[in-house]
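The structure under discussion appears below in the form of structure tokens.
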Amino acid sequence: MTGASLGPGPESGARSLVVGVGARRGASGDAVFALIEAVLSGAGLDPADVVEVATVDAKGDEPGIVGAAARLGVPVRTHPAGALAAVRVPHPSAAVGAAVGTVSVAEAAALIEADELVVPKTRAPGGKAAVKGVATCAVARRFPAADGAFDVSGRKTSTSPVTAGSRPFTMAAMNPPTHPPTRDTESAGPDLWHHGDAEVRGENLTDLAVNVRTHTPPPWLRERIAASLTSLAAYPDGSSARAAVAGRHGLPVERVLLTAGAAEAFVLIARALPARRPVVVHPQFTEPEAALRAAGHEVGRVLLRAEDGFRLDPAAVPEEADLVMVGNPTNPTSVLHPAALLEKLARPGRTLVVDEAFMDVVPGEREALCDRTDVPGLVVLRSLTKTWGLAGLRIGYVLAEPETVARLADAQPLWPVSTPALAAAEACMEPRALVEAAEAADRITVDRAHLLAGLAEFSEVEVVEEARGPFVLVRLERAADVRERLRLLGFAARRGDTFPGLGPQWLRLAVRDRATTNRFLQALDQAVQALPARSGR
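Everything in the sequence shown is counted per the numbering used here, starting at 4 for the first residue and increasing by one.
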């Protein structure tokens, strides 16, 4: 992977290179500088274009790194190990992860605030015996400030033309910077790839961070999936499952596309549908924007405001937006937007993507658009992973105009959905499954009311009103401290600062059964009381 293969960089002479460095304790400045010099020279890069040397916090005072940066005439930029751990890198190392807290110091530090990886993690060439093994180095490039974002009123923050694909599809596109931008477009910032499962992975915690329904899949569904294993020698045939989905929504089969979860659908939309001015309505699930960025799009954001209850104002979406993505009910706010408001976003020449992954948790699925064929450019996404506990199986579907379905299907790999996932999809469309899902929606409604009543007892906690999803969004001062205290008490809550439009004072809490909620409320009381200068109840 070299700069020559990744498309043009900034204009000649622009200082745009970030050098990520990992070094052993005691490495000398001469040794680290010699490595950086060798890497830049080998890639045909000019040291004068280096803007900073980046590394992990723990190594920010290493004499070798500090000395090398001084010889280059640039500052040392350090990043927390946790932030670097969230960056996807091409050459992870479990040993480095165990020692430092991120699987690649050099690559992650180079990429975290850059746009493309120019030189992957490199050790000194064999002839450089003096430096071989003491340090690693990676180089990434920043592009000029991006265009295409919108503020909450829908005004463009810049005017230069941008077309899809104007930036290369690189690994860095999968890793938007995790630090707030200096520009006012908010075109980057929160870690769009952070998911709730990171809060509980490998930990023995009561899970309030992930929105998958507990005690799922049910036994009958597991049996159907297990029965499909006898057919694994044959290639998957999705015709029956596709027909079942079409029948469940009263649509022709040509309007249905089965996908490996809603996540695949976001990627297909980003790669296959034309869009010059895509806009994502936030706060919401971050995968749509991440997929658009990974496909090379410049993404505009419309940020709904807490003081408005995160309710949608169609007028905030710019007229020139030709692809609009919005969730309903929205993750993480749990707000259910009226279908009539969403319809106002539709118009000829615009693709309107509505993520209804949690709509089956809304009793009666009121405000759903999934069965509508009269809304121009409408694309509805559904997921079976939440209600039925199939996150590990990956199954979802797209409902859209036949031409759109065909375009998305052309972008799919062959046999994108496995035989067990197809069996699950077909089973979840059956009448008994729909009855069970409806009963689960009613039960979640009751359990959510119990959680909200308990949270209302805390003067420190502000809840986003009219929650309609299987989760609630809350705001409280020092939420990060409360979240860490809750972990010590055995509960995992979803941090809110990775959602554009929110910040560190927000937490998302999954709705659980009454007994679990009671235990959580007791733990929350302990966590809040442990904070200094508590304001009282």
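All residues carry an ideal CB built from backbone N, CA and C; glycine is no exception.
What you are looking at is a predicted structure, and each value in this text was computed from that prediction instead of being measured.
Residue j beta carbon less than 9 Å from that of residue i
i: Gly-499; j: Ala-482; result: yes
i: Glu-65; j: Ala-26; result: yes
i: Ala-112; j: Leu-87; result: yes
i: Val-420; j: Gly-241; result: yes
i: Pro-220; j: Ile-228; result: yes
i: Gly-472; j: Thr-333; result: yes
i: Leu-307; j: Leu-276; result: no
i: Arg-497; j: Arg-511; result: yes
i: Gly-32; j: Arg-74; result: yes
i: Leu-344; j: Pro-317; result: yes
i: Asn-331; j: Val-357; result: yes
i: Val-282; j: Glu-469; result: no
i: Ala-236; j: Ala-273; result: no
i: Gly-85; j: Gly-100; result: no
i: Glu-119; j: Ala-141; result: no
i: Ala-249; j: Val-259; result: yes
i: Thr-354; j: Gly-380; result: yes
i: Leu-43; j: Val-22; result: yes
i: Phe-1; j: His-285; result: For the chain, the structure presents residues 4 to 540; residue 1 sits outside this window and is missing.
Opening and closing residue of the alpha helix (DSSP H) in which residue i lies
i: Ala-251; result: The amino acid at residue 251 is misidentified as Ala; the sequence shows Arg. Counting along the chain, the alpha helix (DSSP H) containing Arg-251 begins and ends at 242–252.
i: Arg-274; result: 264–275
i: Ala-430; result: 422–431
i: Phe-523; result: 517–532
i: Leu-491; result: 482–491
i: Trp-509; result: Note, Trp-509: premise wrong, no alpha helix (DSSP H); beta strand (DSSP E) at 509–513.
i: Ala-229; result: 222–230
i: Gly-32; result: 32–45
i: Leu-48; result: Leu-48 -> no alpha helix (DSSP H), and no H or E assigned at all.
i: Arg-410; result: 405–414
i: Leu-75; result: 66–75
i: Val-108; result: 108–114
i: Val-103; result: 97–103
Endpoints, the beta strand (DSSP E) within which residue i is located
i: Thr-125; result: 119–125
i: Leu-348; result: Careful: Leu-348 lies outside any beta strand (DSSP E) and carries neither H nor E.
i: Glu-290; result: No beta strand (DSSP E) holds Glu-290; the alpha helix (DSSP H) holding it covers 290–297.
i: Leu-20; result: 20–26
i: Ala-138; result: 138–144
i: Leu-476; result: 474–478
i: Val-338; result: Counting along the chain, Val-338 falls outside any beta strand (DSSP E), and DSSP gives it neither H nor E.
Between the CA atoms of residue j and residue i - distance to the nearest angstrom
i: Ala-309; j: Glu-370; result: 22 Å
i: Met-177; j: Thr-448; result: With a pLDDT of 32 at Met-177, under the threshold of 50, the predicted position of this residue should be treated as unreliable, though the coordinate-derived value follows. So the alpha carbons of these two residues sit roughly 36 Å apart.
i: Trp-509; j: Ala-459; result: 16 Å
i: Ala-72; j: Pro-78; result: 6 Å
i: Met-432; j: Pro-366; result: 17 Å
i: Arg-517; j: Ala-495; result: 17 Å
i: Leu-387; j: Val-213; result: 14 Å
i: Phe-34; j: Thr-125; result: The sequence as given places Ala at residue 34; Phe does not occur at that position. Taking the straight line from one Cα to the other gives about 14 Å.
i: Gly-395; j: Ala-424; result: 10 Å
i: Ala-530; j: Leu-476; result: 18 Å
i: Leu-384; j: Arg-314; result: 20 Å
i: Thr-407; j: Ala-533; result: 54 Å
i: Ala-30; j: Ser-19; result: 26 Å
i: Asp-363; j: Glu-442; result: 10 Å
i: Ala-444; j: Val-514; result: 11 Å
i: Pro-222; j: Trp-418; result: 27 Å
i: Val-108; j: Val-121; result: 16 Å
i: Val-329; j: Thr-336; result: 12 Å
i: Gly-299; j: Pro-434; result: 42 Å
i: Ala-349; j: His-340; result: 14 Å
i: Ala-89; j: Leu-114; result: 11 Å
i: Gly-67; j: Val-137; result: 10 Å
i: Ala-51; j: Gly-63; result: 22 Å
i: Glu-465; j: Gly-457; result: 12 Å
According to DSSP, residues forming a beta bridge with residue i
i: Gly-399; result: Thr-262 and Ser-386
i: Leu-326; result: Pro-281 and Thr-354
i: Leu-306; result: His-285
i: Ala-496; result: Leu-211
i: Arg-91; result: The partner list for Arg-91 (beta bridge, DSSP) is empty, contrary to what the question assumes.
i: Arg-435; result: Answer by DSSP bridge pairing: none, since Arg-435 is not bridged.
i: Thr-219; result: DSSP lists no partner for Thr-219.
i: Val-59; result: His-82
i: Glu-3; result: What the structure shows of the chain is the stretch from 4 to 540, and residue 3 is not part of that stretch, so it cannot be assessed.
Contacting residues, own chain, Cβ-Cβ under 7 Å from residue i (five flanking each side not counted)
i: Arg-225; result: none
i: Asp-484; result: Leu-534
i: Pro-128; result: Residue placement at Pro-128 cannot be trusted, given a pLDDT of 47 that sits under 50; what the coordinates show is reported in the next sentence. These residues qualify, in order along the chain: Ala-41.
Min CB distance residue i to chain B below 9 Å
i: Ala-34; result: No chain B is present in this structure, which holds just one protein chain.
Beta-carbon contacts of residue i that lie in its chain and below 8 Å, excluding the five residues immediately before and after
i: Arg-451; result: Ala-470, Pro-473, Val-475 and Val-514
i: Lys-131; result: Its pLDDT being 38, under 50, Lys-131 is placed unreliably in this model, and the coordinates cannot settle the point.
6 Å CB neighbourhood of residue i in its chain, flanking five on each side removed
i: Ala-265; result: Ala-360, Leu-384, Ser-386 and Gly-399
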